[in-house]
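Everything on this sheet refers to the single structure shown next.
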Amino acid sequence: MIVFKDTGFTYDGESFVLKDLGLSLEKGSFTCILGGNGSGKSTLAKHINALLVPDEGSVSVLGLDTRDEQNTYLIRSNAGMVFQNPDDQLVASLIENDVAFGPENLGIPNPELRQRVTQALAEVGLQGFERHETSALSGGQKQRVAIAGVLAMDPQILILDEASAMLDPRGRKGLARVCAQLNQRGMTIVMITHFMEEAALADRVIVLQAGRAVLDGSPEEVLTQADGLEHLNLDVPFACKLSIELQKRGVPVKTHISEDALKEELCQLFLRA
Amino acid sequence: MPIVFEGVSYSYTAPAKPKDAKKPRIKAKEASIPGERPAWGNAPDALWAIHDIDFTLEDGDFLGIAGHTGSGKSTLIQHMNGLIHPTLGRVLIDGTDIADKKAASRIRGKVGLVFQYPEHQLFAANVYDDVAFGPRNLGLPPDEVDRCVRDALAQVSLDFDSLRTASPFELSGGQQRRVAFAGVLAMRPSTLILDEPVAGLDPATRNSFLNLIAELHRQGLTVVLVSHNMNDLARLCNRVLVLKEGQQFALGSPQEVFAHADELKAIGLGVPSAQGLANRLVAQGVPLGDISAALSPRRTAANPEGATKRLYDIESLADELAALYKAQPAAGAIQPEETVHEGQAGGPYA
Chain F
1 MIVFKDTGFT
11 YDGESFVLKD
21 LGLSLEKGSF
31 TCILGGNGSG
41 KSTLAKHINA
51 LLVPDEGSVS
61 VLGLDTRDEQ
71 NTYLIRSNAG
81 MVFQNPDDQL
91 VASLIENDVA
101 FGPENLGIPN
111 PELRQRVTQA
121 LAEVGLQGFE
131 RHETSALSGG
141 QKQRVAIAGV
151 LAMDPQILIL
161 DEASAMLDPR
171 GRKGLARVCA
181 QLNQRGMTIV
191 MITHFMEEAA
201 LADRVIVLQA
211 GRAVLDGSPE
221 EVLTQADGLE
231 HLNLDVPFAC
241 KLSIELQKRG
251 VPVKTHISED
261 ALKEELCQLF
271 LRA
Chain R
274 MPIVFEGVSY
284 SYTAPAKPKD
294 AKKPRIKAKE
304 ASIPGERPAW
314 GNAPDALWAI
324 HDIDFTLEDG
334 DFLGIAGHTG
344 SGKSTLIQHM
354 NGLIHPTLGR
364 VLIDGTDIAD
374 KKAASRIRGK
384 VGLVFQYPEH
394 QLFAANVYDD
404 VAFGPRNLGL
414 PPDEVDRCVR
424 DALAQVSLDF
434 DSLRTASPFE
444 LSGGQQRRVA
454 FAGVLAMRPS
464 TLILDEPVAG
474 LDPATRNSFL
484 NLIAELHRQG
494 LTVVLVSHNM
504 NDLARLCNRV
514 LVLKEGQQFA
524 LGSPQEVFAH
534 ADELKAIGLG
544 VPSAQGLANR
554 LVAQGVPLGD
564 ISAALSPRRT
574 AANPEGATKR
584 LYDIESLADE
594 LAALYKAQPA
604 AGAIQPEETV
614 HEGQAGGPYA
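If you're matching them up, the sequences are chains F and R in order. Numbered by the working numbering, the letters in the first sequence go through residues 1 to 273 in order. Numbered by the working numbering, the letters in the second sequence go through residues 274 to 623 in order.
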């Protein structure tokens, strides 16, 4: 569905932000992209909806080459993107107007337009908020409105570029839940984040460093590589850190990435009758 | 220079006018009109952004402030350097009510406030002028300003010579934030208030920033840290203030505050990861912190309160779980590993 082939990209013509990147993301997958500041995460994301096009190699989305300008329109209407700052991406003062902005631009006629807005708001858990003002929303709600705006365009791919970075824990959880639900209904999701708890939700985790994919695998495979992650300026999930500390002290637990799983194993260890 | 909050309330719909400091600043009637537009936050009928806040920030404190979005954190900290004034009650700094304009301007240099995403406020053409803006405004002579800028950049580990002429906008995000920080430190504040100082930074940059803040506190600054990250608050602060809908929900040591995991969860906050897991294990009946119970054949009953006797971090939780494991009578099935790991098992029970 999304294929990066030997992709290279440079902003200034000298240093490459992406280099020899080869990746293939399946339809219906939930991929999380991690990496320190300056590792090329956002640059990668912007290649998926042709905001940037590669200087070397190619990127194809839905089988369409992003370098061909004739494809740009189709690619952008199928790959929606949500950015970091909730205040930067709402365009209208009423929620329904904001969500309708995208599909309206696609030329969707009115009865269907209204239905799309209603449905998109329901999907992000904001049903009945049509007539509310966007300025009165919390950061988490604004991000959900931004997602609804993308959903109303009925895309196949949703890209979140650190969309939870400015949210509080509750807003972050709400956003993660919405993504997981959309993915279950078949949407392809690419999520860029610093938060390991979110990475644990994905079915594939890719770690970028200096524009290259250095780790790639299931969350269990990638997130348990404590030494590797610290080397890449990333956090290790709490459950994984504690598992490793326990192993060092001679307690035979597996290396977990989910706190629930670790808790279960500890309970079994200490509470077996 | 303690900062004392005495019954401080603030309403965005009926703010105080500092000019009329002598008169009662708000008619009681006006403040309690029900059904008015919400002052702030999520509660539709909330008129008070903060209500009846009463505490003292002591010298040398490292105070954490936590609360759900809209709970009044930002409103509260803006009272600390007189950016806004209480609608009711008063804020005393060094015994002086800062509703008085002169007093407020005197202390503003002493209480440095670093807003969220402070790099958005960088404005000067080069790093030097940006950092020098504050001290110049305080009316300091040029050589004194120069010393302030040098010291402030050194405090945030930025190289004066290589960066003084650089445009702040060409620096990386982490460096930009350091410059913005230096701009506040250059005023030589004795109290530093930080609103979500590490939001949006990657983990490595975050850690170096938190270490920087801890170092400034060690050097004698009083620090107020607003954060959603309970791990950071537990690790750094000596006191934590939790706000709920503008009211004081809890104030105490991290240990006291984070013992109430369920109540915090109910208002949308978490507890530090290690403490959260410890609480859940205790709730299931794992006798954490109680080796003798582990030795008795009868398991202790599940403790639904989930309260632990201490505040855990990863190290101490791992230590106690390992101690429990070794104390378990039935755990002896596989013994030989013990000698291998003994050297690493530092901790109270090793």
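Backbone N, C-alpha and C fix where the C-beta goes; we use that ideal spot for every residue, glycine too.
Margin query: Measuring alpha carbon to alpha carbon, tell me which residue in F/205, F/166, F/156 and F/162 is nearest residue 183 of chain F.
Written below: For residue 183 of chain F, the closest C-alpha among the options F/205, F/166, F/156 and F/162 is that of F/156.
Check: Any Cβ of chain R within less than 8 Å of the Cβ of residue 245 of chain F?
Finding: yes
Notebook entry, point to check: Which residue's Cα is closest to the Cα of residue 345 of chain R: R/520, R/558, R/541 and R/525?
Noted result: Comparing Cα positions, the closest option is R/520.
Notebook entry, point to check: Taking the continuous beta strand (DSSP E) assigned at residue 24 of chain F, which residues delimit it?
Noted result: 16-25
Item checked: Three-state secondary structure assigned by DSSP to residue 156 of chain F -> coil
Notebook entry, point to check: Taking Cβ to Cβ, would you say residue 149 of chain F is nearer than 8 Å to residue 101 of chain F?
Noted result: yes
Check: Which residues, taken in chain order from the region 175-188 of chain F, show a beta carbon closer than 8 Å to some beta carbon of chain R?
Finding: none
Next item on the list: Would you give the residue range spanned by the beta strand (DSSP E) that residue 10 of chain F belongs to?
Entry: If you look at residue 10 of chain F, you'll find it in the beta strand (DSSP E) that goes 2-10.
Check: Can you give the Cα-Cα distance for residue 410 of chain R and residue 377 of chain R, rounded to whole angstroms?
Finding: 15 Å
Check: Nearest chain F C-beta to residue 614 of chain R closer than 8 Å, yes or no?
Finding: Reliability fails at residue 614 of chain R, whose pLDDT of 43 lies under 50, so the model's placement of it is uncertain and the value that follows must be treated cautiously. True, the Cβ-Cβ gap to chain F drops below 8 Å.
Notebook entry, point to check: How about residue 215 of chain F and residue 207 of chain F: are their beta carbons less than 8 Å apart?
Noted result: A contact, by the Cβ cut-off of 8 Å.
Next item on the list: Rank R/280, R/282, R/328 and R/474 by C-alpha distance to the C-alpha of residue 524 of chain R and give the top, closest one.
Entry: R/328
Check: At a Cβ threshold of 8 Å, is residue 445 of chain R touching chain F?
Finding: yes
Checklist line | C-beta neighbour in chain R for residue 37 of chain F, strict 8 Å | finding: Put simply, the CB of residue 37 of chain F is near chain R, with a gap under 8 Å to one of its CB atoms.
Notebook entry, point to check: How about residue 257 of chain F and residue 30 of chain F: are their beta carbons less than 8 Å apart?
Noted result: no
Checklist line | Nearest-angstrom beta carbon gap, residue 134 of chain F and residue 124 of chain F [assumed within contact, 8 Å] | finding: 14 Å between Cβ atoms; not a contact.
Checklist line | Three-state secondary structure assigned by DSSP to residue 269 of chain F | finding: helix
Check: Mind checking if residue 285 of chain R is an interface residue toward chain F, Cβ cutoff 8 Å exclusive?
Finding: no
Note to self: Considering only their Cβ atoms, is the gap separating residue 234 of chain F from residue 476 of chain R smaller than 8 Å?
What the structure shows: yes
Next item on the list: Counting only runs of 4+ residues fully inside the region 50-100 of chain F, write out the alpha helix (DSSP H) ranges in chain order.
Entry: List check, alpha helix (DSSP H) in window: 69-78.
Notebook entry, point to check: Any C-beta of chain R sitting closer than 8 Å to the C-beta of residue 263 of chain F?
Noted result: yes
Check: In angstroms, rounded to a whole number, what distance separates the CA positions of residue 483 of chain R and residue 497 of chain R?
Finding: 13 Å
Next item on the list: Give the straight-line distance between the Cα atoms of residue 534 of chain R and residue 544 of chain R, rounded to the nearest whole angstrom.
Entry: 6 Å
Next item on the list: Return the first residue and the last residue of the alpha helix (DSSP H) that residue 535 of chain R is part of.
Entry: 534-539
Note to self: Along the region 135-156 of chain F, where does the CB come closer than 7 Å to a CB of chain R? Name the residues.
What the structure shows: 138 and 139
Next item on the list: Kindly indicate the opening and closing residues of the alpha helix (DSSP H) around residue 112 of chain F.
Entry: 110-123
Check: If you draw a straight line from the C-alpha of residue 264 of chain F to the C-alpha of residue 552 of chain R, how long is it?
Finding: 14 Å
Notebook entry, point to check: According to DSSP, what are the bridge partners of residue 283 of chain R?
Noted result: Answer is R/323, bridged to residue 283 of chain R.
Check: Can you name the residues of chain F whose CB is closer than 8 Å to the CB of residue 535 of chain R?
Finding: Per Cβ cutoff of 8 Å: no residues; residue 535 of chain R is ~16 Å from chain F at best.
Next item on the list: Could you pull out every residue in the same chain whose Cβ sits closer than 7 Å to the Cβ of residue 255 of chain F, ignoring the five residues on either side in sequence?
Entry: 224, 240, 243 and 244
Check: Where DSSP assigns a beta bridge to residue 517 of chain R, which residues make up the other side?
Finding: R/520
Notebook entry, point to check: Going along chain R, which residues have a C-beta under 7 Å from residue 251 of chain F?
Noted result: 594, 595 and 598
Check: So, using beta-carbon positions, are residue 458 of chain R and residue 499 of chain R closer together than 8 Å?
Finding: no
Notebook entry, point to check: Is there at least one Cβ from chain R nearer than 8 Å to residue 212 of chain F's Cβ?
Noted result: With 8 Å as the cut-off, residue 212 of chain F does not count as an interface residue toward chain R.
Check: Alpha carbon to alpha carbon, how far is residue 449 of chain R from residue 271 of chain F?
Finding: Their Cα atoms are separated by approximately 51 Å.
Notebook entry, point to check: Using a beta-carbon distance below 8 Å, is residue 345 of chain R in contact with chain F?
Noted result: With a threshold of 8 Å between beta carbons, residue 345 of chain R makes no contact with chain F.
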